[in-house]
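Student: Each residue of the sequence shown is one higher than the one before, counting from 5 in my numbering.
Just so you know, even glycine gets a beta-carbon here, dropped at the ideal spot from N, CA and C.
Just so you know, these numbers come straight off a predicted model, no measurement behind them.
Dropping the structure in here first, questions after.
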Amino acid sequence: MRWIALFLIGTFLQLLFYIPTPVLSQSSSCSTLTAPLTAEEQTYAHAAWQYFVKNYQPATGFTNSTGGYPSGTLWDMGNYLMALNAARWLNLTDQADFDSRLNKFLTTLSSLKLFEDTLPNKVYNAATAQMVDYGNNPLERGIGWSALDVGRILAAFDVIRTCHPQYNDWLKGIVAKWQVARSLKDGQLFGATVLPDNKTLLVQEGRLGYEEYGARGYGLWGFSAPKAISLEPFKLVEINGVQIPVDTRDFKSTNANNYVVSESYILDGIEFGLQGELADFAARVLDVQKRRYDTTGQLTAVTEDNIDQTPYFLYNTVYANGATWATITDANQPYPQFRSISTKAAFGWRYLFPDNAYAQKVFDAVKDLRSPDDSGYYAGIYEESKQPNKALTGNTNGLILEILYYKAKGNHPLIASTSVSVSTGKPSENASSTTPPNSTVTPPIAIPADTSNKVIEVTIAPIPPVDNPESSFNLKLDRSLTVIERRYAEAAWGYFQANYHSQSGLIDDRSDFKGATLWGLGDYLAALHAVRSLDIITPKEFDQRTRHLLAALTKLPLFATELPSRGYDTRSLQPVDYGGNPVPEGNGWSALDLGRILAALYNLKTCHPEYTAAVDKIVLDWSYLRVVREGILSSATTAKDQDGRVITHVNPETRLGYEEYAARAFQLWGFNVEHSAVGGEYETALVEGVKVPVQRRRRNTNSKNQYTVSNPFLLYALEFGLDPQMRSLFEPIFQAQAERYRRTGILTASATTLIDRKPYTVHSSISESWVALGDDGKSVPKGRLVSTAVAFAYHALLPENKYSQELLQGTTDLYNPLVGFYEGFYETTGKTAIGFTSSTNSMILQSLLSEVTNRQPLIRPTTTMKSPWWQEVSKGNSGRGLPNTATQRTKLISDSSGSYWVSDSEKTTLGSSTKVTN
5 MRWIALFLIG
15 TFLQLLFYIP
25 TPVLSQSSSC
35 STLTAPLTAE
45 EQTYAHAAWQ
55 YFVKNYQPAT
65 GFTNSTGGYP
75 SGTLWDMGNY
85 LMALNAARWL
95 NLTDQADFDS
105 RLNKFLTTLS
115 SLKLFEDTLP
125 NKVYNAATAQ
135 MVDYGNNPLE
145 RGIGWSALDV
155 GRILAAFDVI
165 RTCHPQYNDW
175 LKGIVAKWQV
185 ARSLKDGQLF
195 GATVLPDNKT
205 LLVQEGRLGY
215 EEYGARGYGL
225 WGFSAPKAIS
235 LEPFKLVEIN
245 GVQIPVDTRD
255 FKSTNANNYV
265 VSESYILDGI
275 EFGLQGELAD
285 FAARVLDVQK
295 RRYDTTGQLT
305 AVTEDNIDQT
315 PYFLYNTVYA
325 NGATWATITD
335 ANQPYPQFRS
345 ISTKAAFGWR
355 YLFPDNAYAQ
365 KVFDAVKDLR
375 SPDDSGYYAG
385 IYEESKQPNK
395 ALTGNTNGLI
405 LEILYYKAKG
415 NHPLIASTSV
425 SVSTGKPSEN
435 ASSTTPPNST
445 VTPPIAIPAD
455 TSNKVIEVTI
465 APIPPVDNPE
475 SSFNLKLDRS
485 LTVIERRYAE
495 AAWGYFQANY
505 HSQSGLIDDR
515 SDFKGATLWG
525 LGDYLAALHA
535 VRSLDIITPK
545 EFDQRTRHLL
555 AALTKLPLFA
565 TELPSRGYDT
575 RSLQPVDYGG
585 NPVPEGNGWS
595 ALDLGRILAA
605 LYNLKTCHPE
615 YTAAVDKIVL
625 DWSYLRVVRE
635 GILSSATTAK
645 DQDGRVITHV
655 NPETRLGYEE
665 YAARAFQLWG
675 FNVEHSAVGG
685 EYETALVEGV
695 KVPVQRRRRN
705 TNSKNQYTVS
715 NPFLLYALEF
725 GLDPQMRSLF
735 EPIFQAQAER
745 YRRTGILTAS
755 ATTLIDRKPY
765 TVHSSISESW
775 VALGDDGKSV
785 PKGRLVSTAV
795 AFAYHALLPE
805 NKYSQELLQG
815 TTDLYNPLVG
825 FYEGFYETTG
835 KTAIGFTSST
845 NSMILQSLLS
855 EVTNRQPLIR
865 PTTTMKSPWW
875 QEVSKGNSGR
885 GLPNTATQRT
895 KLISDSSGSY
905 WVSDSEKTTL
915 GSSTKVTN
């Protein structure tokens with residue numbers, strides 16, 4: 005099979021075209037849409053989703069309950085979760101946006117202040133997550149809880165954990181934190197309210213319809229409320245010739261309304277499926293509204309709704325407190341002049357009863373009742389004035405999305421199936437497209453698979469067991485991870501779990517390509533060290549994965565019997581070229597990749613010396629004669645001449661930042677690479693008033709497409725610390741990005757990142773024009789990204805800096821718990837960039853480890869020079885290019901500015917931005 009991908013030179017794979025590949029996905033009722041939306045229905049769905057797009061609160065992840073008003077109850081939050089799930093499967097939003105929204109939402113929900121430390125308050129400020137009253141005034145204590153609202157969000161939680169099980173543990177943790185049992189008493193639902201004397205009173209909640217619905221939500225999480233779900237007590241009241249079920253607990257006897265409305269039956273129908281008596285009750289409630297139309301000529305679809313004038317919220321009912329067709333406030337005050345045809349009720353009846361002519365008729369009256377500015381559906385139409393009720397609400401628009409998703413699933417209830425869907429990929433092929441009608445979309449074209457090159461997976465046995473891995477583990481943490489930091493670490497580690505090849509022991513450099521470079525394997529080894537240090541994985545798992553990886557490294561075919569090739573198939577371990585095609589002879593080596601793996605292997609020996617013999621065996625099998633030449637790191641490439649012969653070219657490395665990082669790694673092993681190590685003169689360019697390094701000042705180098713990005717400098721700082729020479733490069737790079745943000749308000753975290761469109765890999769450069777570049781050096785309009793990994797790393801290194809804090813806040817929600825952190829988001833649109841890589845997730849894990857080790861260099865010095873490597877070096881005349889002397893060319897020191905690795909060759913001068921003379 006031919007793969008369509010490119011390796012980012014010596015670092016990580018780059019895609020030639022992008023095809024999102026679901027990771028750990030499986031078919032299920034959630035993603036299978038048996039009745040795809042029509043083009044007209046797609047218009048309905050898009051309009052409803054726009055409400056949530058325009059009323060999103062990025063600081064909390066919540067949405068406004070009504071347009072422009074930052075307030076919300078748990079019921080409103082449940083509406084949003086249902087809408088978000090529907091939007092995902094209806095292809096209104098992609099997986100990255102879904103994850104970002106849900107992560108932010110759950111992060112805020114997890115930390116909400118609870119009423120009396122028991123359950124969420126009845127209402128919160130959606131922008132700040134503060135407890136408030138219904139006027140959105142902050143209250144330290146709150147105003148109580150609503151059991152019905154708890155039931156609503158518990159139902160939504162169940163849909164999320166079923167369709168997106170990677171969030172199950174998080175949701176279980178939230179529910180466990182809440183004292184849900186406090187809202188149950190004598191088999192019924194009880195809310196809490198604060199009396200004028202400031203005492204808390206528990207009050208039974210729910211009347212026929214909503215009471216049963218709320219109890220079903222509780223039941224999904226193991227909380228039983230048998231009386232609440234039993235329908236009793238009710239009576240039948242004849243209205244317009246129809247016997248309507250009415251709760252006997254009315255306002256006069258209980259101070260609570262016993263209204264009969266449409267929404268409770270609609271919710272029960274689309275979420276749980278109407279069965280038995282509830283199915284009969286729902287049919288009666290629809291029929292009586294038809295009978296009213298037949299008698300009066302007034303289209304009728306009544307339920308509770310916000311309105312666009314005082315008193316702002318009304319219950320339009322079939323029956324309430326002894327009166328038919330009553331329109332009342334919660335305090336039972338009548339407002340008959342504001343009775344309206346409800347948009348959400350009309351949508352609900354239309355799709356619950358698709359063959360009912362009246363349901364179609366009332367639906368036709370509201371189906372186009374959208375705001376002209378694309379802000380969602382209006383709440384309805386006033387019966388008396390015939391004018392639109394222009395209230396825009398999450399309730400209306402959320403229910404419309406739920407209903408349309410129910411329809412697309414072939415009228416299959418959302419909570420009636422135990423099927424599990426993993427939402428790491430796109431919706432099924434039956435999902436409706438968001439492409440406007442008659443538009444032309446040209447998808448990426450795949451190169452046909454070459455079936456003659458079928459990949460044969462190999463099974464690599466781990467190296468033999470070593471000493472107890474826990475006995476030698478000596479890294480001490482200054483503190484433990486916080487709960488949120490642990491969640492981030494577990495998400496980042498998810499990448500390495502999802503992309504692990506259990507037969508070969510290797511990890512894919514990126515989730516959509518079965519290939520690895522030495523750089524990517526160095527990322528993996530660094531990530532392994534981080535998660536073991538952070539106690540994310542057990543000693544046993546660390547040992548098993550480490551021994552498996554070390555065994556695989558011994559099996560990699562070497563280019564020209566010297567060094568590992570630039571890329572390997574992670575299934576067969578055979579070399580591949582930049583297009584992913586097998587090249588048995590290899591295609592050269594990357595000194596940068598070698599540096600990455602050498603740094604990781606060195607640290608493995610230091611922190612886990614029981615693996616020393618195995619590590620040294622690997623690196624002693626390699627020849628360094630051509631990779632280190634006259635103190636400079638060089639890489640090899642191959643090309644065919646006119647006669648078809650493969651010619652090898654060996655040239656010095658010149659990638660700014662990467663060369664310095666790799667050189668420091670080589671120095672750990674005793675190599676003299678003084679001319680590649682940080683030092684000498686660097687050309688600069690003036691960016692935001694700051695002199696930013698752009699390349700070394702050298703002669704006789706053929707450097708092309710030079711650009712400055714943050715990645716290598718951050719990796720260097722995390723692992724080796726900031727020596728004075730590197731600090732002089734690191735600080736202006738950070739300062740220029742911070743200054744741009746100060747000047748423009750545009751978050752800037754410049755890096756090399758994956759995107760899901762041409763040119764598929766983008767270098768968001770730190771330059772005067774702040775241009776995004778492809779590998780060909782051409783500009784990529786609107787292609788700049790804010791890198792997730794860069795944001796985490798800057799915060800780890802500069803935790804007190806306000807700009808680094810802003811960066812972290814903007815990127816921490818960009819992850820999928822099962823498959824890791826996304827690459828970042830676009831500067832111009834804020835849209836998440838699709839793609840997962842080992843480099844991003846490894847740097848995030850290393851950043852978190854740096855946070856809890858007081859920002860000490862992650863590479864720790866070895867305590868012995870008697871290992872097989874140094875013994876072999878001491879013999880001299882190896883014939884394989886080993887170092888001349890058995891001493892490291894760098895050492896770890898500490899001074900007033902911190903700890904860092906240094907070598908004697910570091911003397912850096914920043915030159916002016918002038919052209920290098922060859």
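Between the alpha carbons of residue 438 and residue 52, how many angstroms are there, rounded?
Tutor: Residue numbering aside, residue 438 sits at position 434 when the sequence shown is read from its first letter. Residue numbering aside, residue 52 sits at position 48 when the sequence shown is read from its first letter. Model confidence at residue 438 stands at a pLDDT of 32, short of 50, so the residue's coordinates are unreliable; what they give is reported in the following sentence. Rounded to whole angstroms, residue 438 to residue 52 spans 13 Å at the Cα level.
Student: Count the other CB atoms within 10 Å of the CB of residue 31; is the residue buried (16 or more) or exposed (fewer)?
Tutor: Within the sequence shown, residue 31 is the residue found at index 27, counting from 1. Only weak support exists for where residue 31 lies, its pLDDT of 33 falling under 50; the coordinates are left without a value.
Student: Measure the CB-CB distance between residue 272 and residue 262 and report whether it falls below 9 Å.
Tutor: Counting from 1 along the sequence shown, the entry for residue 272 is found at position 268. Counting from 1 along the sequence shown, the entry for residue 262 is found at position 258. Going by C-beta atoms, residue 272 is not nearer than 9 Å to residue 262.
Student: Cα separation between residue 638 and residue 379?
Tutor: Numbered from 1 along the sequence shown, position 634 holds the residue referred to as residue 638. Numbered from 1 along the sequence shown, position 375 holds the residue referred to as residue 379. About 58 Å.
Student: Residue range of the beta strand (DSSP E) that residue 195 falls in?
Tutor: Translated into positions along the sequence shown, residue 195 becomes position 191. Segment 192-198, the beta strand (DSSP E) holding residue 195.
Student: Could you round the C-beta distance between residue 192 and residue 256 to whole angstroms and report it? I think they count as a contact, below 8 Å.
Tutor: Here residue 192 is taken as the residue at index 188 of the sequence shown, counted from 1. Here residue 256 is taken as the residue at index 252 of the sequence shown, counted from 1. Going by Cβ atoms, the distance from residue 192 to residue 256 rounds to 20 Å, so no, they are not a contact pair.
Student: If you draw a straight line from the C-alpha of residue 508 to the C-alpha of residue 580, how long is it?
Tutor: The residue labelled residue 508 in the question sits at position 504 within the sequence shown. The residue labelled residue 580 in the question sits at position 576 within the sequence shown. Between residue 508 and residue 580, the C-alpha separation is close to 16 Å.
Student: Got a sec, what are the start and stop residues for the alpha helix (DSSP H) residue 265 sits in?
Tutor: The residue labelled residue 265 in the question sits at position 261 within the sequence shown. Premise fails: residue 265 is in no alpha helix (DSSP H) and is neither H nor E.
Student: Pairs of beta-carbons, one from the segment 154-167 and one from the segment 218-228, closer than 8 Å: are there three or more?
Tutor: Contact between the segment 154-167 and the segment 218-228 is present, because at least three Cβ pairs lie under 8 Å.
Student: Measure the alpha-carbon distance for residue 350 versus residue 136 and round it to whole angstroms.
Tutor: As a working note, residue 350 is residue 346 in the sequence shown. As a working note, residue 136 is residue 132 in the sequence shown. Cα to Cα, residue 350 sits roughly 32 Å from residue 136.
Student: Between the segment 372-386 and the segment 354-362, are three or more C-beta pairs nearer than 8 Å?
Tutor: Result no; under three Cβ-Cβ pairs closer than 8 Å.
Student: Got a sec? Which residues, its chain only, sit under 6 Å from residue 434 by beta carbon, not counting five neighbours each side?
Tutor: In the sequence shown, residue 434 corresponds to position 430, counting from 1. Low per-residue confidence applies at residue 434: pLDDT is 33, beneath 50, and the placement is therefore not dependable, though the value from the model is reported in the following sentence. Excluding positions up to five away in sequence, the list reads 37, 40.
Student: Can you give the Cα-Cα distance for residue 902 and residue 860, rounded to whole angstroms?
Tutor: The count along the sequence shown starts at 1 and reaches residue 902 at position 898. The count along the sequence shown starts at 1 and reaches residue 860 at position 856. Cα-Cα distance, rounded: 8 Å.
Student: Is there contact between the segment 544-560 and the segment 615-626, where contact requires at least three CB pairs shorter than 8 Å?
Tutor: Yes, the segment 544-560 touches the segment 615-626.
Student: On the premise that residue 689 lies in contact with residue 682, defined as a C-beta separation below 8 Å, what is that separation, rounded to the nearest angstrom?
Tutor: Walking along the sequence shown from the start, residue 682 turns up at place 678. Walking along the sequence shown from the start, residue 689 turns up at place 685. Contact flag wrong, Cβ pair sits at about 19 Å.
Student: Tell me the residue span of the beta strand (DSSP E) that contains residue 685.
Tutor: For the purposes of this step, residue 685 is identified with residue 681 of the sequence shown, where counting begins at 1. Note, residue 685: beta strand (DSSP E), 684-691.
Student: Can you say whether residue 803 is buried or exposed, counting buried as having 16 or more other CB atoms within 10 angstroms of its CB?
Tutor: If you number the sequence shown from 1, residue 803 lands on position 799. Exposed is the call here.
Student: Taking Cβ to Cβ, would you say residue 734 is nearer than 9 Å to residue 720?
Tutor: The count along the sequence shown starts at 1 and reaches residue 734 at position 730. The count along the sequence shown starts at 1 and reaches residue 720 at position 716. In contact: residue 734 and residue 720 (Cβ atoms closer than 9 Å).
Student: Just checking, does the segment 611-619 make contact with the segment 669-678 on the three C-beta pairs under 8 Å criterion?
Tutor: No, the segment 611-619 is not in contact with the segment 669-678.
Student: Beta carbon of residue 551, beta carbon of residue 467: below 9 Å?
Tutor: The residue you call residue 551 lines up with position 547 of the sequence shown. The residue you call residue 467 lines up with position 463 of the sequence shown. Cβ atoms of residue 551 and residue 467: closer than 9 Å.
Student: Let me confirm a value: residue 393 is counted as buried when at least 16 other C-beta atoms fall within 10 Å, else exposed. Which label applies?
Tutor: Start at 1 with the first residue of the sequence shown, and residue 393 comes out as number 389. By the neighbour-count rule (16 or more Cβ atoms within 10 Å), residue 393 is buried.
Student: State whether the segment 490-502 contacts the segment 839-850, with contact taken as three or more CB pairs (one from each stretch) at a distance under 8 Å.
Tutor: A contact exists between the segment 490-502 and the segment 839-850.
Student: Please tell me whether residue 150 and residue 126 are closer than 9 Å, where the distance is taken between their beta carbons.
Tutor: Translated into positions along the sequence shown, residue 150 becomes position 146. Translated into positions along the sequence shown, residue 126 becomes position 122. Taking 9 Å as the Cβ cut-off, residue 150 and residue 126 qualify as a contacting pair.
Student: Would you kindly work out how many angstroms separate the C-alpha atoms of residue 916 and residue 519, rounded to a whole number?
Tutor: Reading the sequence shown from its first residue, position 912 is the one you call residue 916. Reading the sequence shown from its first residue, position 515 is the one you call residue 519. No answer about residue 916 holds up, because its pLDDT of 41 lies below 50 and its placement is not dependable.
Student: Mapping DSSP to helix, strand and coil, what is residue 553?
Tutor: Here residue 553 refers to the residue found at position 549 of the sequence shown. Looking at residue 553 - three-state DSSP - the assignment turns out to be helix.
Student: Going by the beta-carbon positions, is the gap between residue 114 and residue 164 smaller than 9 Å?
Tutor: The residue labelled residue 114 in the question sits at position 110 within the sequence shown. The residue labelled residue 164 in the question sits at position 160 within the sequence shown. No, Cβ-Cβ distance for residue 114 and residue 164 is not below 9 Å.
Student: Helix, strand or coil: which one does DSSP assign to residue 835?
Tutor: Here residue 835 refers to the residue found at position 831 of the sequence shown. DSSP places residue 835 in coil when its eight states are reduced to three.
Student: What would DSSP say about residue 401, mapped onto helix, strand or coil?
Tutor: Here residue 401 refers to the residue found at position 397 when the sequence shown is read from its first residue. Correct three-state label for residue 401: helix.
Student: For the alpha helix (DSSP H) containing residue 365, list its first residue and its last residue.
Tutor: Position 361 of the sequence shown, counted from the first residue, corresponds to residue 365. It spans 361-370 - the alpha helix (DSSP H) in which residue 365 sits, taken as one unbroken run.
Student: Please report how far the alpha carbon of residue 57 lies from the alpha carbon of residue 868, in whole angstroms.
Tutor: The residue given as residue 57 occupies position 53 in the sequence shown. The residue given as residue 868 occupies position 864 in the sequence shown. Cα to Cα, residue 57 sits roughly 59 Å from residue 868.
Student: Just to confirm, are residue 789 and residue 830 a CB contact at a threshold of 9 Å?
Tutor: As a working note, residue 789 is residue 785 in the sequence shown. As a working note, residue 830 is residue 826 in the sequence shown. It is a contact, given that the beta carbons lie within the stated cut-off.
Student: Buried or exposed: which applies to residue 817, given that a residue is buried once 16 or more other Cβ atoms fall within 10 Å of its Cβ?
Tutor: Here the question's residue 817 lines up with position 813 in the sequence shown. Classification of residue 817: buried, given that the 10 Å Cβ count is 16 or more.
Student: Tell me the rounded alpha-carbon separation between residue 905 and residue 86.
Tutor: What you label residue 905 is simply residue 901 of the sequence shown in a count that begins at 1. What you label residue 86 is simply residue 82 of the sequence shown in a count that begins at 1. Distance between the alpha carbons of residue 905 and residue 86 is about 52 Å.
Student: Here's the rule: buried if 16 or more other CB atoms are within 10 angstroms of the residue's CB, otherwise exposed. What is residue 900?
Tutor: Here the question's residue 900 lines up with position 896 in the sequence shown. Exposed, because fewer than 16 other Cβ atoms sit within 10 Å of the Cβ of residue 900.
Student: Would residue 523 and residue 600 qualify as a contact pair, given that the criterion is a beta-carbon distance under 9 Å?
Tutor: The count along the sequence shown starts at 1 and reaches residue 523 at position 519. The count along the sequence shown starts at 1 and reaches residue 600 at position 596. Result yes, Cβ atoms of residue 523 and residue 600 sit closer than 9 Å.
Student: Answer with buried or exposed for residue 180, where buried requires no fewer than 16 other C-beta atoms within 10 angstroms of its C-beta.
Tutor: If you number the sequence shown from 1, residue 180 lands on position 176. The residue in question, residue 180, is exposed, as its Cβ has fewer than 16 Cβ neighbours within 10 Å.
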